[in-house]
Every structure is written in structure tokens, then in C-alpha cells.
Amino acid sequence: MPIMEHKFKRPKSLKDADTHYCSGCGHGILHRLVTQAIDELGIRKRTIGVAPVGCAVVAYNYWDFDCAEAAHGRALAVATGMKRLRPDLVVFTYQGDGDLASIGLCETIHTANRGESLTCIFVNNACYGMTGGQMAPTTVIGQKTTTTPWGRDPKKGDGWPLKVSELLLNLEGVCLAVRCSLSSPKEILKTYQYIKKAFTNQTEGRGFSIVEVLSPCPVIWQKEPVEAMRWVEEHMRKFFPLGAMKDI
15 MPIMEHKFKR PKSLKDADTH YCSGCGHGIL HRLVTQAIDE LGIRKRTIGV APVGCAVVAY
75 NYWDFDCAEA AHGRALAVAT GMKRLRPDLV VFTYQGDGDL ASIGLCETIH TANRGESLTC
135 IFVNNACYGM TGGQMAPTTV IGQKTTTTPW GRDPKKGDGW PLKVSELLLN LEGVCLAVRC
195 SLSSPKEILK TYQYIKKAFT NQTEGRGFSI VEVLSPCPVI WQKEPVEAMR WVEEHMRKFF
255 PLGAMKDI
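Basically my numbering = 1-based index in the sequence shown + 14.
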């Protein structure tokens, strides 16, 4: 009887380590997609990942390539310095919504507007997951958080969910602005292709690429993992439609 070939393997860029993430968290899936793309493109030895404060602050525990840690909101500023000093490297940031869309929004807009040759992986889970579940810029209307216990309400001064990809698509320096999801195997495969494209854009010097990923946060949302995946589909996608906002 022929021996079956082992097709599904751990990427070389992903360490064999136990995860600290909560059950059902999307970060584990996304970590694999990032490392798989890096391996497939053959860029592991010249890649640097930059993770700021947030749930993924210890991403270097899982990624087997060079990584740096940035202050809260400053990942793209740190990445810009690295890329300008060593343009031969592939530099990417891995940021949550509180980091990229709140304290780091200025860095996000100006880095994109300058057309820095960087790849930005933006994890949108509609909350501050690390610090207790407060309302984030991406919290959707009606969503309950520790700071909006009755649900986010623009009429009460909570504002509207910030659509980062739409915000950046009109900037001349942006070559790729896409939104994808981890809510199903089909969407995960699409997310992988977008991540790969974002890295390829950088190796070709085409400008700034951002991949926004809708990701579940079951513990903060107080939902079971499967229910959290459904919540992404049924609620988050209403405010954050999927697809390529800009792809040139």
C-alpha cells in the first residue's frame, strides 16, 4: 500500500510553539497565513516583522524570522526607518485596530500617503482585545463593550466605525487596500492570496499595501468560537464590506 504524502505542514517561518491566544482567536490563523506567504515567496531570510502593543505584541514567539517591537501606534514609523535604511529588506507591520486606527492613525495615514514600500497587516476585531474590551475605532454600531455597555451609538457621541481601507484608498502612495476575513475556509484562502500580493508588491517596489482582516475575538465578545465566526459574517461585514478597495 503506497504511503500517503504529507501535504499540510507547518511553515518553516512558524515556530513550533504553544499559543497564548484565547480559544477561537483569529491571530493563530493569521500568523500561519503570514508565514506561509513568506515561505512561498522565498523571502524569509530578508524579512522583518514589526509588532506594537496589542494582542500580538509577542508575535516574535511564533515567527521564525527577525522581528522588532514598537511603541503603541508607532509600528509603521519604526518600519519606515528600517525600510529606508535597508531597502533590500522586506518589512511588514502586524497591527490591531486600536493600535493602527486610534493612537497610530497619524502614522498610518502619512506612511501610506508617502507611498512607503511596506506591507501592513491590519487585524480588525472591533474591540480593544488586550486591555479589557473597550470600544475601538472599529467597534460596530450596537456592539456592546466595556465602555459602551448599551451598545455603540453615534447619537450618544460614540461616533461611527472607522473604515480604514476606504480612508486610505484615495491616497496616491497606496497600491493595495483590501479587506478580507477569517470567518470561513473560503475567506481564509482569499486572505492568504491578498497577503501574498501585499508582500509581492513590496518586493517589486510598488508602494504601500494594507490588508485589513476581519478577525473574531470570542472572549471579549462573550461568544463561543463558532458563534464568533458567524458574528463576523452577520454583523461586521455589514459595516466592513469585503474586497479590494484599491489594487493597482
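Glycine included, C-beta positions come from ideal geometry on N, C-alpha and C. Source: prediction; values computed, not measured.
Check: Could you check which residue in Arg251, Ile224 and Gly40 has the C-alpha nearest to that of Ile12?; Outcome: Residue numbering for the chain in the displayed model covers 15 to 262; residue 12 lies beyond these limits and cannot be assessed.
Check: Which of helix, strand or coil does DSSP assign to Met149?; Outcome: coil
Check: Let me check one thing: in DSSP terms, what residues is Gln109 bridge-paired to?; Outcome: Phe136
Check: Report all residues from its chain with a CB closer than 6 Å to the CB of Tyr74; omit the five preceding and five following residues, and keep chain order.; Outcome: Cys81
Check: Report buried or exposed for Arg100, applying the criterion of at least 16 other Cβ atoms within 10 angstroms of its Cβ.; Outcome: exposed
Check: If you draw a straight line from the C-alpha of Asp53 to the C-alpha of Lys204, how long is it?; Outcome: 17 Å
Check: Please go through the same chain and pick out, in chain order, the residues whose beta-carbon is closer than 7 Å to the beta-carbon of Tyr208, but skip the five residues on each side of it.; Outcome: Val192, Cys194 and Val225
Check: Is it true that the CB of Cys120 sits closer than 8 Å to the CB of Ile234?; Outcome: no
Check: Closer than 6 Å by C-beta to Glu130: which residues in its own chain qualify, once you throw out the five before and the five after it? Chain order, please.; Outcome: Thr94 and Phe222
Check: Alpha carbon to alpha carbon, how far is Ser37 from Pro239? Give it in angstroms, no decimals.; Outcome: 7 Å
Check: Under the three-state reduction of DSSP, which class applies to Asp261: helix, strand or coil?; Outcome: strand
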